[in-house]
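Presented below is the structure to which this report refers.
Number of protein chains: 2
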Amino acid sequence: MSQPDTKQRLLDAAERLFAAEGFHNTSLRAVTGEAEANLAAVKYYFGSKEALLEAVFARRLVPLNTLRRDRMEEVRALARQTGRPPATADILRAFIEPTLRFRESGPGAEAFVRLVGRALAEPDDTIRKIFLGLVEPLFRYLHESLTDALPGMPQDVLFWRLHFVIGTLSHIMCLCGHFHGLPPGVSPSTDAGSLTTLLLDFLTAGMEVPCA
Amino acid sequence: MSQPDTKQRLLDAAERLFAAEGFHNTSLRAVTGEAEANLAAVKYYFGSKEALLEAVFARRLVPLNTLRRDRMEEVRALARQTGRPPATADILRAFIEPTLRFRESGPGAEAFVRLVGRALAEPDDTIRKIFLGLVEPLFRYLHESLTDALPGMPQDVLFWRLHFVIGTLSHIMCLCGHFHGLPPGVSPSTDAGSLTTLLLDFLTAGMEVPCA
DNA sequence: GTCTATACGATGATAGAC
DNA sequence: GTCTATCATCGTATAGAC
């Protein structure tokens with residue numbers, strides 16, 4: 027290769043721009059301009075604009091998903107030793123805490139978190155499916171783990187509540203640092219630790235409440 | 027006018043296409059094609075593509091917001107007569123039930139609900155601000171009503187929980203009829219009545235749980 | 001007032017030279 | 001591996017017909 031890490035520079039520039047301006051609102055000329063690469067380099071390294079997006083997702087999502095699954099597996103293994111179901115709060119923490127902490131894991135990570143938070147609301151089927159392909163196995167495992175934690179809950183109620191959790195987390199991920207309509211005098215804490223606690227209290231109560 | 031309601035046909039076509047394909051993925055040529063109007067009709071009636079989107083939002087959102095605010099005001103007025111705070115569940119129901127019922131209010135309404143559900147996750151600042159301009163006063167009123175219902179709750183906790191509610195509702199709005207990864211044997215009910223009950227149980231429990 | 005025809009610069013994508 | 005040239009299509013703008 028002649029240039030050092032053209033591929034990495036393209037990924038970095040695409041991640042930042044897709045998060046800041048949106049996928050459809052970002053031109054390949056803007057990406058290659060910021061990465062100081064030629065327009066056709068995207069075609070060469072990735073194949074298309076959509077394949078570039080998939081690479082942006084995969085680079086950070088694959089290790090994050092491994093971490094989230096490992097933590098959920100750990101909670102369930104410990105519970106099996108006691109012979110009792112895992113606590114709902116422990117399952118949710120294993121899923122949520124790495125997600126929120128990820129924002130503090132280095133340059134570009136905050137932009138990436140916003141990008142992921144928006145992905146499920148993406149109108150474009152192709153793009154949403156690229157993202158779903160990377161996270162759906164993990165969602166299934168979370169579903170399975172929650173079924174484990176809440177053995178008495180009807181299947182369809184659990185299914186909806188799972189999506190309530192995912193929806194809340196997605197919204198918080200794209201909200202971080204971008205509040206609308208802050209009332210005067212309110213300056214909510216945004217560090218991963220506080221936010222994890224606040225989310226866990228709220229979601230655990232919602233997951234565990236008896237249904238009519 | 028020569029053609030019957032060119033403006034309405036443009037709004038109908040834009041609503042359907044923006045919801046189905048996304049705003050940036052929908053060309054004005056597609057809109058005017060479906061509406062059987064000339065390309066320049068958008069410029070003539072609305073001024074720009076973004077102004078067309080604002081008109082699509084406003085047409086249905088203004089009456090819906092009036093309904094939601096009226097119902098919240100009614101709950102608070104009744105509570106004042108008893109001299110006690112309104113119930114959290116009643117405030118949330120006043121906000122959520124009209125939103126979910128709206129989906130069944132006629133042709134095009136379901137597409138519109140998805141469009142609104144995605145709006146807060148919209149990456150484009152201009153578009154998100156168009157939407158926020160139409161809903162922020164209502165969000166503030168919901169915030170105020172929940173402060174009323176939960177007088178002991180710290181301001182910053184209430185602020186976050188308000189956003190948890192909005193995030194959950196947004197996600198459900200864009201999910202309706204578009205599930206990913208349905209496990210076999212689960213066919214969740216999607217009618218407004220059942221969904222309202224499920225959401226209310228979950229969100230009320232989360233709003234009312236004591237915070238550490 | 002309402003609508004049509006047409007043109008302009010910029011975009012995503014590609015083919016093929018080097 | 002990298003770059004130039006080219007293409008259809010995009011949002012927008014304008015001039016003018018009815």
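Top line first, the protein sequences correspond to chains C and X.
Each residue of the first sequence is one higher than the one before, counting from 27 in our numbering.
Each residue of the second sequence is one higher than the one before, counting from 27 in our numbering.
Even glycine gets a Cβ: it sits at the ideal position worked out from N, Cα and C.
*Is the shortest distance between the beta-carbon of residue 46/X and the beta-carbons of chain C less than 9 Å?*
Your numbering for residue 46/X matches position 20 in the second sequence. A Cβ of chain C is located within less than 9 Å of the beta carbon of residue 46/X.
*Considering only C-alpha positions, which residue in the set 149/X, 123/X, 180/X is nearest to residue 195/X?*
On the second sequence, residue 195/X is found 169 positions in, with the first residue counted as 1. Residue 123/X is the option with its Cα nearest to residue 195/X.
_Boundaries of the alpha helix (DSSP H) in which residue 197/X is found, first to last residue_ = Position 171 of the second sequence, counted from the first residue, corresponds to residue 197/X. That run of the alpha helix (DSSP H) goes 181–201.
*What residues from chain X crowd round residue 229/C, counting only those whose CB sits closer than 7 Å?*
Here residue 229/C refers to the residue found at position 203 of the first sequence. Neighbourhood of residue 229/C in chain X, by CB distance below 7 Å: 232, in chain order.
*Using three-state DSSP, classify residue 214/X as helix, strand or coil.*
Start at 1 with the first residue of the second sequence, and residue 214/X comes out as number 188. Coil.
*asked:* To the nearest angstrom, how far is the alpha carbon of residue 82/X from that of residue 54/X?
replied: As a working mapping, residue 82/X is identified with position 56 in the second sequence. As a working mapping, residue 54/X is identified with position 28 in the second sequence. Taking the straight line from one Cα to the other gives about 14 Å.
*Report yes or no: is there a C-beta of chain X within less than 9 Å of the C-beta of residue 86/C?*
The residue you call residue 86/C lines up with position 60 of the first sequence. False, the Cβ-Cβ gap to chain X never drops below 9 Å.
*Do residue 198/X and residue 126/X have their C-beta atoms closer together than 9 Å?*
Here the question's residue 198/X lines up with position 172 in the second sequence. Here the question's residue 126/X lines up with position 100 in the second sequence. Going by C-beta atoms, residue 198/X is nearer than 9 Å to residue 126/X.
*Is residue 169/X helix, strand or coil when you go by DSSP?*
Within the second sequence, numbered from 1, the residue matching residue 169/X stands at position 143. Here residue 169/X sits in helix by DSSP.
_Rounded C-alpha distance that separates residue 39/C from residue 58/C_ = Your numbering for residue 39/C matches position 13 in the first sequence. Your numbering for residue 58/C matches position 32 in the first sequence. Answer to the nearest angstrom: the Cα atoms are 8 Å apart.
*Along chain X, which residues have their Cβ under 7 Å away from the Cβ of residue 183/C?*
On the first sequence, residue 183/C is found 157 positions in, with the first residue counted as 1. The contacting residues are 224.
*asked:* Within the continuous alpha helix (DSSP H) that includes residue 118/X, where are the two ends?
replied: Counting from 1 along the second sequence, the entry for residue 118/X is found at position 92. Residue 118/X -> alpha helix (DSSP H) spans 114–127.
*Inter-residue CB distance, residue 68/X and residue 78/X (contact presumed, cutoff 8 Å)*: By 1-based counting over the second sequence, the position of residue 68/X is 42. By 1-based counting over the second sequence, the position of residue 78/X is 52. So it is a contact: roughly 6 Å between Cβ atoms.
*In the structure shown, what three-state DSSP assignment does residue 135/C receive?*
Position 109 of the first sequence holds residue 135/C. Helix at residue 135/C.
*Is DSSP giving residue 148/X helix, strand or coil here?*
Here residue 148/X is taken as the residue at index 122 of the second sequence, counted from 1. It is coil, neither helix nor strand.
_Just to confirm, is the Cβ distance from residue 116/X to residue 101/X under 9 Å?_
Taking the second sequence and counting its residues from 1, the one referred to as residue 116/X is at position 90. Taking the second sequence and counting its residues from 1, the one referred to as residue 101/X is at position 75. Closer than 9 Å, so yes.
*Are the C-beta atoms of residue 117/X and some chain C residue less than 9 Å apart?*
If you number the second sequence from 1, residue 117/X lands on position 91. Answer no: the Cβ-Cβ gap between residue 117/X and chain C never drops below 9 Å.
*asked:* I'd like the list of long-range same chain contacts for residue 74/X, defined as Cβ closer than 8 Å, with 5 residues on each side in sequence excluded.
replied: As a working mapping, residue 74/X is identified with position 48 in the second sequence. Here the set comprises 68.
_Classify residue 41/C: buried if its beta carbon has 16 or more other beta carbons within 10 angstroms, exposed otherwise._
For this step, residue 41/C is matched to residue 15 along the first sequence. Buried: at least 16 other Cβ atoms inside 10 Å.
*Given a threshold of 16 other Cβ atoms within 10 Å of its Cβ, counted over all protein chains shown, does residue 133/C qualify as buried or as exposed?*
Here residue 133/C corresponds to residue number 107 of the first sequence, with the count starting at 1. Counting the other Cβ atoms within 10 Å of the Cβ of residue 133/C gives fewer than 16, which makes it exposed.
*Apart from the five residues just before and just after residue 169/C, which ones in its own chain have a Cβ nearer than 8 Å to its Cβ?*
Stepping through the first sequence from its first residue, residue 169/C is reached at position 143. Same-chain partners within the cutoff: 184, 185, 188.
*Is DSSP giving residue 232/C helix, strand or coil here?*
Residue mapping note: residue 232/C aligns to position 206 of the first sequence, counting from 1. In this structure, residue 232/C counts as helix in the three-state DSSP scheme.
*Please classify residue 83/X: does DSSP put it in a helix, a strand, or coil?*
Here residue 83/X refers to the residue found at position 57 of the second sequence. Note: residue 83/X maps to helix in three-state DSSP.
*Skipping 5 residues on each side, what residues in its chain have a beta carbon closer than 6 Å to that of residue 154/C?*
Residue numbering aside, residue 154/C sits at position 128 when the first sequence is read from its first letter. Once the five neighbours on either side are set aside, the close Cβ partners of residue 154/C are 148.
*Could you name the residues of the same chain whose beta carbon sits closer than 7 Å to that of residue 27/X, not counting the 5 residues immediately before and after it, in chain order?*
Translated into positions along the second sequence, residue 27/X becomes position 1. In this predicted model, residue 27/X has a pLDDT of only 40, less than 50, meaning its place in the structure is not dependable; the value taken from the coordinates is given anyway. Closer than 7 Å at the Cβ level, and outside the excluded window around residue 27/X, lies no residue.
_Is it buried or exposed, residue 227/C, if we count other Cβ atoms within 10 angstroms and call 16 or more buried?_
If you number the first sequence from 1, residue 227/C lands on position 201. Residue 227/C is buried by the Cβ-count criterion.
_7 Å Cβ cut-off: residues of chain X touching residue 187/C_ = Within the first sequence, the letter at position 161 stands for residue 187/C. Residues of chain X passing the Cβ test: 228.
*Checking contacts by CB at 9 Å: is residue 213/X closer than that to chain C?*
As a first step, residue 213/X must be located in the second sequence, where it is residue number 187. So, interface residue.
*asked:* Report the start-end ranges of each alpha helix (DSSP H) in the stretch 36–118 of chain X that is 4 residues or longer and not cut off at the edges.
replied: The stretch 36–118 of chain X contains, as complete alpha helix (DSSP H) runs of 4+ residues, the segments 54–60, 66–71, 75–108 (chain order).
_Quick check: the Cα distance between residue 114/X and residue 65/C, rounded to an integer number of angstroms?_
Counting from 1 along the second sequence, the entry for residue 114/X is found at position 88. Counting from 1 along the first sequence, the entry for residue 65/C is found at position 39. Taking the straight line from one Cα to the other gives about 55 Å.
_So, at 7 Å on beta carbons, what are the nonlocal neighbours of residue 121/C in its own chain, with the 5 sequence-adjacent residues on each side left out?_
The sequence position of residue 121/C within the first sequence is 95, counting from 1. Within the same chain, residue 121/C has close Cβ partners 94, 98, 168.
*Per DSSP, what kind of secondary structure is residue 175/X in: helix, strand or coil?*
For this step, residue 175/X is matched to residue 149 along the second sequence. Three-state result, residue 175/X: helix.
_Do residue 231/X and residue 238/C have their beta-carbon atoms positioned less than 9 Å apart in this structure?_
In the first sequence, counting from the first residue as 1, residue 238/C sits at position 212. In the second sequence, counting from the first residue as 1, residue 231/X sits at position 205. It is not a contact, given that the beta carbons lie outside the stated cut-off.
*Taking 9 Å as the CB-CB cut-off, is residue 131/C touching chain X?*
Indexing the first sequence from 1 puts residue 131/C at position 105. Judged by the 9 Å Cβ criterion, residue 131/C is not in contact with chain X.
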